[in-house]
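Below is one structure, written out as structure tokens; the observations come after it.
4 protein chains.
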Amino acid sequence: MLISADPSDDQPIYQQIVDQLRQLVAAGTLQPGDPLPSVRQLAADLGVNLNTVAIAYRELAGEGLVKIKHGRGARVTAAREQRFDEEQVRKLLVPILSKMILAGKTDREIVGLLREELHNIRGDKT
Amino acid sequence: MLISADPSDDQPIYQQIVDQLRQLVAAGTLQPGDPLPSVRQLAADLGVNLNTVAIAYRELAGEGLVKIKHGRGARVTAAREQRFDEEQVRKLLVPILSKMILAGKTDREIVGLLREELHNIRGDKT
Amino acid sequence: MLISADPSDDQPIYQQIVDQLRQLVAAGTLQPGDPLPSVRQLAADLGVNLNTVAIAYRELAGEGLVKIKHGRGARVTAAREQRFDEEQVRKLLVPILSKMILAGKTDREIVGLLREELHNIRGDKT
Amino acid sequence: MLISADPSDDQPIYQQIVDQLRQLVAAGTLQPGDPLPSVRQLAADLGVNLNTVAIAYRELAGEGLVKIKHGRGARVTAAREQRFDEEQVRKLLVPILSKMILAGKTDREIVGLLREELHNIRGDKT
DNA sequence: GTGGTCTAGACCACG
DNA sequence: GTGGTCTAGACCACC
Chain A
363 MLISADPSDD QPIYQQIVDQ LRQLVAAGTL QPGDPLPSVR QLAADLGVNL
413 NTVAIAYREL AGEGLVKIKH GRGARVTAAR EQRFDEEQVR KLLVPILSKM
463 ILAGKTDREI VGLLREELHN IRGDKT
Chain B
363 MLISADPSDD QPIYQQIVDQ LRQLVAAGTL QPGDPLPSVR QLAADLGVNL
413 NTVAIAYREL AGEGLVKIKH GRGARVTAAR EQRFDEEQVR KLLVPILSKM
463 ILAGKTDREI VGLLREELHN IRGDKT
Chain C
363 MLISADPSDD QPIYQQIVDQ LRQLVAAGTL QPGDPLPSVR QLAADLGVNL
413 NTVAIAYREL AGEGLVKIKH GRGARVTAAR EQRFDEEQVR KLLVPILSKM
463 ILAGKTDREI VGLLREELHN IRGDKT
Chain D
363 MLISADPSDD QPIYQQIVDQ LRQLVAAGTL QPGDPLPSVR QLAADLGVNL
413 NTVAIAYREL AGEGLVKIKH GRGARVTAAR EQRFDEEQVR KLLVPILSKM
463 ILAGKTDREI VGLLREELHN IRGDKT
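Residue numbers (the working numbering), protein chains in the order written: chain A, 363 to 488; chain B, 363 to 488; chain C, 363 to 488; chain D, 363 to 488.
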């Protein structure tokens, strides 16, 4: 099982699924053309409702990261570069960095932690 | 006015207040022992509901970043008393990094962007 | 009532809602800044489920045509030009034009019908 | 081969077949009385399920565009027998036009695009 | 009050 | 089998 869902998390379940699938694609664990688990299958595995998974898949389809074919499942899209809003990313980053600074982390430590996470994500790449 | 509230932002207003206050403390603009504006005062200045500000203060108190004294306002706590959940920070980081990777950013670019934001936050230091 | 929903239509209800709201914005009947009916209100008016309307609103938010604010309803976004996929539009157009040609319509008649519809949509504009 | 089926298209395959056959008749490439390829033949050529083609043929028969004779294949009908639901065509047109208007297209541009597509369809005429 | 999320369970469309 | 849509009804988050 590559995906998990935690109902007690702050993030809604469908968003957790989106984030994890995006991570798997970023990592290369899921390659373009690879099939995603069926909506029903994943819902059963995670113990959540079918609709919750369907919403996650629809979101990913809207981003262009996966392509859904009626009656034949969903697959990772041929790698197009995703758009992303740099301004928004910076805004998301600020509170996280603030927290780390308040925890007494040095710049060196913060950059180190970031590199670790980058490596964790990219590590699986084929 | 060091704080602003933008109702058209994606973040809820109380969260915006929390983030900005945290950033001010991280930057050193607000020092341990400094008083926060009163809930009424800040609510009036921002033109938001009094409850909204109160929730923000309670959140910061929960983090240990400020200490609320009944009837005597809130003050920034000593740095020692703050908690830091590294696991949570990493979890917040992963979706952001995944998006940047999918957008084709190199590690170098990502680290560069992070350093810029670190500098922005720390730059304000008195 | 400016919006209607027909469960017997080929289009799913949420799509009908999306299309009609888009049309109202294109017509200028709904101006930037105007509030949309609340999810619950519109659902009650149309006699459909709350979720069905919520899906429609989420879709419009994703397109950037409306902005949803938690706890404070949805409003038409300040007019940014929408992106659109010309290739896709052409592909949608072909079957429609084929049908009209098969019905014996001349080019003149087809263009006339198109101009009529354009006028119908744009007519309400302030 | 005048027809193709693209499983990665948004349209369902049976619909692609319907649209293409209709276009061929509109263009005059298929004339009244001409036989359609057999269901088995077309399914084999396109590499799709036999049922999928059968559904497409049934749809065209329902429109009155072709006539299916048991055991003797399908033929394009005389032009007279075709129905045309103008109201439906207008309803299909509105969402497309709305999108183009919101994309900032002028009436001139929209009519121009339509004329191009009309010409593309009619150009094939024998 | 508002919108957001989730569930359980139903029925339909596609191949 | 697959995904798509819808319902009824619940509970939560924001202001």
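Glycine included, every Cβ here is placed at the ideal spot set by N, Cα and C.
- Using a Cβ distance threshold of 8 Å, L364(C) and L459(D) do not count as a contacting pair.
- Nearest CB-CB separation between P457(C) and chain D: below the 8 Å threshold.
- Along the region 387 to 402 of chain B, going in chain order, the ones with a CB nearer than 7 Å to a CB of chain A are V387, A388.
- Those residues of the region 443 to 471 of chain D placed with their C-beta closer than 7 Å to a C-beta in chain C are Q444, F446, V451, R452, L454, L455, V456, P457, I458, L459, S460, K461, M462, I463, L464, A465, G466, D469, ordered along the chain.
- Residue pairing by DSSP places A436(A) opposite I430(A) in a beta bridge.
- Of D372(B), Y376(B), Q393(B), S366(B), the smallest CA-CA separation from R437(B) is found for Q393(B).
- If you check the CB distance, Q382(A) and D368(A) do not come in under 8 Å.
- If you ignore the 5 residues before and after K467(A), its C-beta comes within less than 6 Å of no other C-beta in its own chain.
- The Cβ atoms of E421(C) and V387(C) do not sit closer than 8 Å to each other.
- The C-alpha of L427(D) is placed about 8 Å away from the C-alpha of R384(D).
- If you look at Q378(B), you'll find it in the alpha helix (DSSP H) that goes 375 to 389.
- Among the bridge pairs identified by DSSP, P397(D) is matched with R437(D).
- For R477(A), the enclosing alpha helix (DSSP H) stretches over residues 469 to 485.
- Cβ proximity to chain B below 9 Å picks out V473, L475, L476, R477, E478, E479, L480, H481, N482, I483, R484 from the region 473 to 484 of chain A.
- Taking 8 Å as the cut-off, the beta carbon of I430(D) is found no closer than this to the beta carbon of A440(D).
- Excluding its 5 nearest sequence neighbours in each direction, I472(A) has C-beta neighbours in its own chain below 8 Å: L459, M462, I463, listed in chain order.
- Residue-level contact check: D381(B) touches chain A, since one or more beta carbons of chain A fall below 8 Å from its beta carbon.
- At a cut-off of 8 Å, the C-beta of R384(C) has a neighbouring C-beta in chain D.
- Annotation: the continuous alpha helix (DSSP H) that includes M462(C) extends over 448 to 464.
- Ranked by how close their Cα comes to the Cα of D447(B), the residues Q403(B), E425(B), G433(B) have E425(B) in first place.
- Scanning chain C for C-beta atoms nearer than 9 Å to the C-beta of L427(D) yields L464, reported in chain order.
- For a cut-off of 8 Å, the C-beta gap from A405(C) to N411(C) is around 6 Å, short enough to register as a contact.
- The alpha carbon of P374(B) has as its nearest neighbour, out of N413(B), G433(B), N482(B), the alpha carbon of N413(B).
- A straight-line Cα-Cα distance of about 38 Å links Q450(B) and Q403(C).
- Within the model, the alpha-carbon separation for G390(A) versus D371(D) is close to 25 Å.
- Annotated three-state conformation of G424(A) is helix, per DSSP.
- Closest in C-alpha terms to Q444(B), from the list A465(A), R434(A), V456(A), comes A465(A).
- If you draw a straight line from the Cα of S400(C) to the Cα of D407(C), it comes to about 10 Å.
- Judged by beta-carbon spacing, L398(D) lies within the 8 Å limit of G435(D), meaning their Cβ atoms are closer than that value.
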